[in-house]
Each structure stands twice: as C-alpha cells, then as structure tokens.
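Numbering (our numbering), first residue to last: 388 to 710.
Ideal Cβ positions, reconstructed from N, Cα and C, are used throughout, including at glycine.
Computed from a predicted model, the values in this text were never measured in an experiment.
Worksheet for the structure shown next.
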C-alpha cells in the first residue's frame with residue numbers, strides 16, 4: 388500500500404490548492420487556516436476530515452499548533468499568503484518593494500508563513516504568489532528569510548494553462564525543491580470548460596444560479612464582442628480590463644477575485660460555477676457565502692489542475708525518497 392502524506396494549508400482560502408493535492412489520492416489535509424469566514428466554511432464543507440481554524444495567522448503560536456497537530460507527522464506545508472501587497476494590479480502597493488514585505492501589514496503575513504514552516508520543518512513546502520513578489524530585491528530578501536529557518540528555496544514560475552486549466556494564470560511557487568511538472572500538450576478552451584452545463588438555475592450543479600442585471604447593463608453587454616471588456620480600472624502599471632466577453636475558442640483571461648466575465652453566447656454574467664470551471668474546480672466542490680464572496684473565493688484560489696500537477700510531482704519525489 389502506498390503512503391498517504393499529510394499536509395497543512397496556510398491561508399487556505401476555499402481550498403483550490405488543497406483540492407489538487409486531494410485529487411491525487413495520496414494526500415490528506417490535516418489543517419487549514421484562514422481568517423475569512425466564507426473561506427473557512429467552504430474549506431470545511433469540502434474537506435470535512437480536516438481541522439479548520441478561522442483565525443489571523445499572526446495570532447497562531449507554535450504552542451497552538453502543537454495542541455492541534457503533531458509536527459513530526461506533517462510532510463508538506465502549502466499556502467498562499469495575500470498577493471495584494473506585491474501585485475501590479477494594486478495601485479496602492481508600497482513604492483519600495485522591500486516595504487511590501489516588511490512594512491505592509493498584509494505583506495508581513497508572508498513572514499508568518501515562513502515562521503510556521505520554520506517551526507514545522509516539513510519535508511516539502513510550497514508557497515504560491517504573484518511573480519512580482521520577486522521584484523527589485525525581494526527575491527534576495529526572501530532567500531535570506533528562508534535561509535534563517537534552514538531552507539534553500541527555488542522560484543518555480545508556472546502557467547496554469549500548461550497544466551489543464553482553462554484560463555491564463557502566471558504564478559510563482561516558492562519551494563524547497565525545484566518543481567517541474569509535465570506540461571499538457573492541449574490547452575482547454577472556454578467552450579470545452581463549459582461543455583455539458585445546464586442553463587443556470589436548474590438546481591445542479593451547485594453555485595450555478597443566474598445573476599440578475601438591470602436593463603441598461605444588459606444593453607451594454609449585448610454590444611460586446613468576444614474578447615472585449617465593458618470597463619477598465621487602474622492598476623499599478625497599466626489599465627486593466629474587466630467584464631470581458633469570453634471567447635469560447637480560447638482560454639479565459641486570468642481569473643482574479645474581482646473578475647466578472649460575460650458569457651460567450653448569452654448576454655449575462657457567467658455564474659460562480661462557470662467561473663469555477665475556468666479554474667478547474669470539479670462540480671462537486673461547493674462554495675458558500677454571498678455571491679460576490681463566492682466569486683472572490685474562486686478567483687483567489689490556486690487553479691485545481693495546476694495544484695494537482697504540482698502535487699503529483701511532489702508525491703513522486705516523496706515516494707522515491709528524494710526529499
């Protein structure tokens with residue numbers, strides 16, 4: 388019988404990262420931590436055997452963890468500290484990149500991820516974030532912070548669409564091992580991702596409810612062609628589109644927490660379930676909270692197919708004793 392490896396999930400969100408690991412049938416989530424109630428509730432519903440703590444990670448001490456888990460049993464630590472302090476989509480981020488880590492309260496949460504990894508000393512850890520977390524000296528600083536807890540790190544930059552995700556997403560996965568999953572040759576389009584879904588409001592799958600819109604907005608939507616956006620907002624470096632009508636023959640643009648998309652053929656927003664399909668979530672995965680909270684949970688997740696590809700690569704290394 389093959390080993391089952393145990394992991395904990397810091398800043399777990401809805402659980403896209405964890406779902407990819409679970410789908411390998413080789414991992415078990417022991418603990419998820421998030422301070423956002425809908426995220427913690429969603430994680431618990433989908434991973435009922437896992438302990439879930441809804442708490443600010445800054446308040447969680449080593450003694451608290453010892454009361455809940457046995458550190459020696461934890462093989463892997465995953466997690467996604469907030470990317471807002473680092474991303475170019477945030478026009479309010481600190482101008483000095485180093486301040487994004489040490490001065491911004493949300494950026495400091497990355498240091499708490501490092502602190503907990505240093506305490507648990509897992510065989511593998513993987514921290515997901517935007518590539519901008521490496522900008523202008525931050526890469527060196529992060530190497531130094533991880534060296535303090537005894538780890539050499541690797542910056543693994545991966546595109547979600549290369550691993551079966553129907554949307555674009557470029558992210559860095561900071562780990563104590565190089566992560567090089569095998570890429571898929573075929574990229575899944577929006578049309579393929581939506582195939583087989585019934586009309587919204589039929590009761591199944593969950594989170595597939597229609598989004599009512601005022602007549603004036605419907606008229607504006609009706610004029611949009613594939614790939615066109617209805618609005619733009621200011622990022623740190625450039626204007627960014629939103630309310631894009633999806634092209635069924637291409638992969639979707641990056642799904643963010645703030646993203647809302649227009650259906651390729653119908654004059655409506657896509658449902659939470661359709662958005663979840665763009666991130667590779669199975670239809671059995673349930674999201675809770677208000678509608679906007681559900682969209683945000685989807686957009687802030689690690690795409691499930693990419694997470695699974697990473698997990699499969701890691702489990703191969705663990706089985707061979709390479710780590």
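Review point. Going by other Cβ atoms of all chains shown within 10 Å of its Cβ, with 16 needed for buried, is residue 591 buried or exposed?
Key: Numbered from 1 along the chain shown, position 204 holds the residue referred to as residue 591. Taking every protein chain shown into account, the CB of residue 591 has fewer than 16 other CB atoms within 10 angstroms, so this residue is exposed.
Exercise for review: Could you have a look at residue 527 and say whether DSSP puts it in helix, strand or coil?
Suggested key: As a first step, residue 527 must be located in the chain shown, where it is residue number 140. The DSSP-derived three-state label of residue 527 is helix.
Exercise for review: Could you check what DSSP says for residue 486 in three-state terms: helix, strand or coil?
Suggested key: Here residue 486 corresponds to residue number 99 of the chain shown, with the count starting at 1. DSSP places residue 486 in helix when its eight states are reduced to three.
**Study point:** Reduced DSSP secondary structure (H/G/I, E/B, other) of residue 493
**Key:** Against the chain shown, residue 493 aligns to sequence position 106. Residue state, collapsed to three classes: coil.
Check your understanding: If you compare alpha carbons, which of 446, 575, 495 and 524 is closest to residue 483?
Key -> For this step, residue 483 is matched to residue 96 along the chain shown. Proximity to residue 483 across 446, 575, 495 and 524 peaks at 524, based on C-alpha coordinates.
Practice item. From the DSSP output, in three-state form, read off residue 631 for me. Key: As a first step, residue 631 is located in the chain shown; it is residue number 244 there, counting from the start. The three-state reading of DSSP puts residue 631 in strand, counting E and B together.
**Study point:** residue 451, enclosing alpha helix (DSSP H) - first and last residue
**Key:** The residue you call residue 451 lines up with position 64 of the chain shown. In the DSSP annotation of this structure, the continuous segment of the alpha helix (DSSP H) that includes residue 451 starts and ends at 449-455.
Review point. In this structure, does DSSP put residue 443 in helix, strand or coil?
Key: Reading the chain shown from its first residue, position 56 is the one you call residue 443. Residue state, collapsed to three classes: coil.
Review point. What are the start and end residues of the alpha helix (DSSP H) that includes residue 430?
Key: Counted from its first residue, the chain shown places residue 430 at position 43. It spans 424-433 - the alpha helix (DSSP H) in which residue 430 sits, taken as one unbroken run.
Exercise for review: Have a look at 534, 555 and 562 and flag the residue whose alpha-carbon is nearest the alpha-carbon of residue 541.
Suggested key: Reading the chain shown from its first residue, position 154 is the one you call residue 541. Of 534, 555 and 562, the residue nearest in Cα terms is 562.
**Study point:** Separation of residue 708 from residue 644, as counted between CA atoms
**Key:** Stepping through the chain shown from its first residue, residue 644 is reached at position 257. Stepping through the chain shown from its first residue, residue 708 is reached at position 321. If you take the alpha carbons of residue 644 and residue 708, they lie about 38 Å apart.
Practice item. For residue 693, I'd like the list of residues in its chain whose CB is within less than 6 Å of its CB, leaving aside the five on either flank, ordered along the chain. Key: In the chain shown, counting from the first residue as 1, residue 693 sits at position 306. Within the same chain, residue 693 has close Cβ partners 547, 550 and 552.
Review point. What are the residues that DSSP puts in a beta bridge with residue 516?
Key: The residue you call residue 516 lines up with position 129 of the chain shown. Residue 516 is bridged by DSSP to 559.
**Study point:** Closest residue to residue 635 among 628, 448 and 653 (Cα-Cα distance)
**Key:** For the purposes of this step, residue 635 is taken as the residue at position 248 of the chain shown. Ranked by how close their Cα comes to the Cα of residue 635, the residues 628, 448 and 653 have 653 in first place.
Practice item. Determine, using beta-carbon pairs with one atom in the segment 503-510 and one in the segment 469-488, whether at least three such pairs fall under 8 Å. Key: Flag = no, the segment 503-510 and the segment 469-488 do not touch.
Exercise for review: Spell out the partners DSSP gives residue 778 in its beta bridges.
Suggested key: Lying outside 388 to 710, the shown extent of the chain, residue 778 is not represented and no answer is given.
Exercise for review: Please confirm if the segment 399-410 is in contact with the segment 450-458, defined as three or more CB-CB distances below 8 Å between the two stretches.
Suggested key: No, the segment 399-410 does not touch the segment 450-458.
Exercise for review: Tell me whether the beta-carbon of residue 423 lies closer than 9 Å to the beta-carbon of residue 467.
Suggested key: For the purposes of this step, residue 423 is taken as the residue at position 36 of the chain shown. For the purposes of this step, residue 467 is taken as the residue at position 80 of the chain shown. In this structure, residue 467 does not lie closer than 9 Å to residue 423 by Cβ.
Check your understanding: Buried or exposed: where does residue 573 fall if 16 or more other Cβ atoms within 10 Å of its Cβ makes it buried?
Key -> Along the chain shown, one-based indexing puts residue 573 at 186. Answer is exposed; the Cβ neighbour count stays below 16.
Point to revise | Three-state class that DSSP yields for residue 701 in the structure shown | key: Taking the first residue of the chain shown as 1, we reach residue 701 at position 314. Secondary structure of residue 701 (DSSP, three-state): helix.
**Study point:** Residue range of the alpha helix (DSSP H) that includes residue 393
**Key:** Taking the chain shown and counting its residues from 1, the one referred to as residue 393 is at position 6. Here residue 393 belongs to no alpha helix (DSSP H); instead the beta strand (DSSP E) covers 392-397.
Check your understanding: Under 9 Å, do residue 585 and residue 655 count as touching if we go by C-beta distance?
Key -> Position 198 of the chain shown, counting from 1, holds the residue named residue 585. Position 268 of the chain shown, counting from 1, holds the residue named residue 655. No, the Cβ-Cβ distance between residue 585 and residue 655 is not below 9 Å.
Check your understanding: Of all the options 433, 515, 544 and 575, which has the alpha carbon lying nearest to the alpha carbon of residue 673?
Key -> By one-based count along the chain shown, residue 673 stands at place 286. Answer by Cα proximity: 433.
**Study point:** Of the residues 512, 462 and 637, the one placed nearest residue 391, counting alpha carbons only
**Key:** On the chain shown, position 4 is the one that residue 391 refers to. Sorting 512, 462 and 637 by C-alpha distance to the C-alpha of residue 391 places 462 at the top.
Review point. At which residues does the alpha helix (DSSP H) containing residue 542 begin and terminate?
Key: The residue given as residue 542 occupies position 155 in the chain shown. That residue, residue 542, is in no alpha helix (DSSP H); its beta strand (DSSP E) goes 541-546.
Exercise for review: Using alpha carbons as the reference points, say which of 398, 428, 402 and 438 lies closest to residue 421.
Suggested key: Working through the chain shown from its first residue, we reach residue 421 at position 34. Comparing C-alpha distances from residue 421 to each of 398, 428, 402 and 438 shows the shortest one belongs to 398.
Practice item. In angstroms with no decimal places, state the Cα-to-Cα distance between residue 633 and residue 536. Key: As a first step, residue 633 is located in the chain shown; it is residue number 246 there, counting from the start. As a first step, residue 536 is located in the chain shown; it is residue number 149 there, counting from the start. Looking at the backbone, the Cα of residue 633 and that of residue 536 are separated by about 45 Å.
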